[in-house]
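Chemist: Start counting the sequence shown at 313; every next residue gets the next number (this note's numbering). Note that beta-carbon positions come from the ideal geometry of N, C-alpha and C, so glycine has one too. Given the structure is predicted, the values throughout are model-derived calculations rather than measurements. If you scroll down you'll find the structure; I have some questions about it.
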Amino acid sequence: MSQPMLASMLGQPGTGLVAGVDEAGRGPLAGAVVAAAVILDPASPIDGLRDSKRLSAARREALALQIRHRALAWGVGQCSCLEIDQLNILQATMLAMTRAVQALGVEPSRIEVDGNRIPEALKGRAVAIVRGDATRAAISAASILAKTARDEQMLLLHRRFPQYGFDRHMGYPTAQHRQALLEYGPCEEHRRSFAPVREALHGKTA
Numbered sequence: 313m314s315q316p317m318l319a320s321m322l323g324q325p326g327t328g329l330v331a332g333v334d335e336a337g338r339g340p341l342a343g344a345v346v347a348a349a350v351i352l353d354p355a356s357p358i359d360g361l362r363d364s365k366r367l368s369a370a371r372r373e374a375l376a377l378q379i380r381h382r383a384l385a386w387g388v389g390q391c392s393c394l395e396i397d398q399l400n401i402l403q404a405t406m407l408a409m410t411r412a413v414q415a416l417g418v419e420p421s422r423i424e425v426d427g428n429r430i431p432e433a434l435k436g437r438a439v440a441i442v443r444g445d446a447t448r449a450a451i452s453a454a455s456i457l458a459k460t461a462r463d464e465q466m467l468l469l470h471r472r473f474p475q476y477g478f479d480r481h482m483g484y485p486t487a488q489h490r491q492a493l494l495e496y497g498p499c500e501e502h503r504r505s506f507a508p509v510r511e512a513l514h515g516k517t518a
């Protein structure tokens, strides 16, 4: 459905567009935190939606393609590692979620956010749903889009900084990643507000 058609629907009583929102990348030591918002089309259900962490990379990519083609609307937002360091990871995550909803291009009547917190800018329209990525199809879809978008970014970062092995751990604090940090020091995409990166920056052992 086109954005103008969606926008016109919002003026009709009972339209009730519901957006699911989730994020990927709160725990890594490097890269952006990425969020996605999805409004699914009830007339075009997508089989196999679930928490992105429970899917193989190949299955996530296949579902992400379906979501982008069959959802009524979808949007992706992010906060860079610099914004994470300036705001803290929680506030950066909330901002990324807000940006994802804004990227939808339409105003949903209800927003379902995975977890137990709601971005300040979305209060009044949003509800927090713990484990929503396992129980709400739209949140599952958002989880898949956020994860695949972030993984793509980390694969691009791997080309620039192959010494860290971003293609294997996607920036998460694995033993391999922490060792590479100590050996090479942080790159510009590492989150300096995170303790292992600070320790590597100052030459301390993790």
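Here's the rule: buried if 16 or more other CB atoms are within 10 angstroms of the residue's CB, otherwise exposed. What is Q465?
Modeler: The C-beta of Q465 has 16 or more other C-beta atoms within 10 Å across all chains shown, which makes the residue buried.
Chemist: Check whether the Cβ of A412 lies closer than 7 Å to any heavy atom of the ligand SAH, and answer yes or no.
Modeler: Annotation note on the ligand SAH: not contained in the displayed structure, which lists no ligands.
Chemist: Can you tell me the Cα-Cα spacing of A383 and P498, whole angstroms?
Modeler: If I take the Cα positions, the gap works out to 39 Å.
Chemist: Whose CA, out of T447, R429 and H381, lies closest to the CA of S364?
Modeler: T447
Chemist: Since I believe T460 is in contact with H408 (beta carbons under 8 Å), could you give me their beta-carbon distance rounded to a whole number of angstroms?
Modeler: For the sequence presented, residue 408 should be read as Ala rather than His. Their Cβ separation, rounded to whole angstroms, is 15 Å, which puts A408 and T460 out of contact at 8 Å.
Chemist: How many angstroms separate the CA atom of R504 from the CA atom of S356?
Modeler: Going from the Cα of R504 to the Cα of S356 covers about 43 Å.
Chemist: Just verifying my parser: in three-state terms, what is the DSSP assignment at G444?
Modeler: helix
Chemist: Look up H502 in the DSSP assignment and give the residues it is bridged to.
Modeler: A342
Chemist: Residues in its own chain within less than 6 Å of E395 by CB, not counting five upstream and five downstream?
Modeler: A404
Chemist: Taking Cβ to Cβ, would you say H470 is nearer than 8 Å to D479?
Modeler: yes
Chemist: Give me the DSSP bridge partner(s) of A349.
Modeler: V333 and G387
Chemist: Would you say I451 and E424 are within 8 Å of each other, going by their C-beta atoms?
Modeler: yes
Chemist: If we call anything under 8 Å between Cβ atoms a contact, is A349 one with A454?
Modeler: yes
Chemist: Is it right to say P316 is buried, meaning 16 or more other beta carbons lie within 10 angstroms of its own, or is it exposed?
Modeler: For P316, the pLDDT reaches just 44, beneath the cut-off of 50, and the residue's location in the model is therefore unreliable, although a value from the coordinates is still provided. P316 should be labelled exposed.
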